[in-house]
Amino acid sequence: MAKILNGFSGQNVKKAARLLKRGEVVAFPTETVYGLGANVYDRRAVATIFEVKKRPLFDPLIVHIANLRQLEEVAKINQLFIFKLMAKFWPGPLTLILPKKRKVPYLVTAGLETVAVRMPANLVSLSLIQELGAPIAAPSANLFGKLSPTKAEHVQKQIGKRIKIILDGGKTAYGLESTILFIDRKPKILRLGSLPIEEIKKVIGPVEILKKQKKILAPGNLPTHYSPFKPLKIVKNEEEIFKNKLKKKISFLAFCQVKNKNRFTAFKILSPKGDLKEAASNFFDALHQLDESEAEVIFAEAVPEKGVGRAIMERLKKASSEENKN
Ligand code: TXA
Ligand code: MG
């Protein structure tokens, strides 16, 4: 198993950076989910990421930077409104898709001429990038298509056997992946995420949400992403679960309350206050726990589709068994 090290110790960050310099991969926290990182310029190390995650090579990685010099090293600024976005949202959970510079290996971008870049708002990740002295290419630190990790123990459970170190930064602040914005004269959202679209619109005006992608723009957006191992079904509310006779042991992922506690083998409440941001930060951890419970099925209650609620619903739909049959 991997060693879980306190990420707030400078010594440990140094240790992790040394491994990265030697061409190894390291798991580390960001403000969204945990990432599995490699030195972006080290092709062999980047290849290891794909191996460890069992991720197909056609799915490109996000490049994490700690300063503007690193941004200029990997990407071209092709629109002036990018400065407004950076001023407002970086560091933070917004990934920009920009034209790549030659220095970035095609293995990182899966052959695309664009590169995904973001500056995480997390002390441990920023320190690690700084200590390495190069950007870090990192996908989420889970097995491909499975639940994303928001705690060190989630990383340990899924890929701990295949990596040496997990820097522990506690539970991640946002809990959902970054929002991905394709930069063009007309910017497009490729993935809903921790930063709500409403916020982006306030800064740059209208943005389109790309639903069905003609060309694969965000190949990781496959219909079966974020799946628990157990079947998951979305319900409008708790009552809907009991409309049919149920033989199986059932669990419930509720938004703000559970009325029939004793009818569930396990349940989790995302936010007793009904706060969508709090719900987002608890989302993956709750699913990890229900996935490990004795229950055979997970029922998940729909949340309001506004703000970060849209990103939660998008992930629920992808995790639901019906969607997976497509
Ligand atoms: O919050 C996050 O974004 C986390 C943390 C670790 O930073 N990372 C993350 O990475 O979610 P990953 O690999 O699980 O998702 C990255 C997504 C994929 O859907 C991928 O297809 C897309 O970004 N992507 C990467 N480069 C791209 C590009 N050049 N064009 C379009 N989509 C791209
Ligand atoms: Mg992922």
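Take 584 as the starting number for the sequence shown in my numbering and just add one per residue. By construction, the Cβ of each residue, glycine as well, lies at the ideal position given by its N, Cα and C atoms.
For residue j and residue i, the rounded distance between their alpha carbons
i           : j           : result
residue 888 : residue 606 : 42 Å
residue 718 : residue 855 : 39 Å
residue 827 : residue 737 : 33 Å
residue 830 : residue 882 : 14 Å
residue 899 : residue 598 : 37 Å
residue 747 : residue 620 : 12 Å
residue 894 : residue 759 : 8 Å
residue 591 : residue 705 : 11 Å
residue 725 : residue 659 : 30 Å
residue 788 : residue 845 : 48 Å
residue 715 : residue 847 : 48 Å
residue 754 : residue 703 : 15 Å
residue 928 : residue 709 : Nothing can be reported for residue 928: it is not among the residues displayed for the chain, which extend from 584 to 909.
residue 771 : residue 779 : 13 Å
residue 833 : residue 603 : 43 Å
residue 733 : residue 866 : 9 Å
residue 637 : residue 722 : 12 Å
residue 775 : residue 897 : 7 Å
residue 678 : residue 650 : 14 Å
Residue i classed as buried or exposed, judged by whether at least 16 other C-beta atoms fall within 10 angstroms
i           : result
residue 908 : In this prediction, residue 908 scores a pLDDT of 40, lower than 50, which makes its location untrustworthy; the coordinate-derived value is nonetheless stated afterwards. Flag for residue 908 reads exposed.
residue 593 : exposed
residue 611 : buried
residue 767 : exposed
residue 685 : exposed
residue 627 : exposed
residue 694 : exposed
residue 735 : buried
residue 835 : buried
residue 786 : exposed
Beta bridge counterpart(s) of residue i as assigned by DSSP
i           : result
residue 884 : 818
residue 858 : Note: residue 858 sits in no beta bridge, so no partner.
residue 682 : 697
residue 620 : 609
residue 727 : None; residue 727 has no bridge partner.
Sub-8 Å separation of residue i and residue j beta-carbons
i           : j           : result
residue 862 : residue 841 : no
residue 596 : residue 707 : yes
residue 635 : residue 698 : no
residue 773 : residue 680 : yes
residue 629 : residue 688 : yes
residue 600 : residue 764 : no
For residue i, the first and last residue of its enclosing beta strand (DSSP E)
i           : result
residue 611 : 609-611
residue 586 : 586-589
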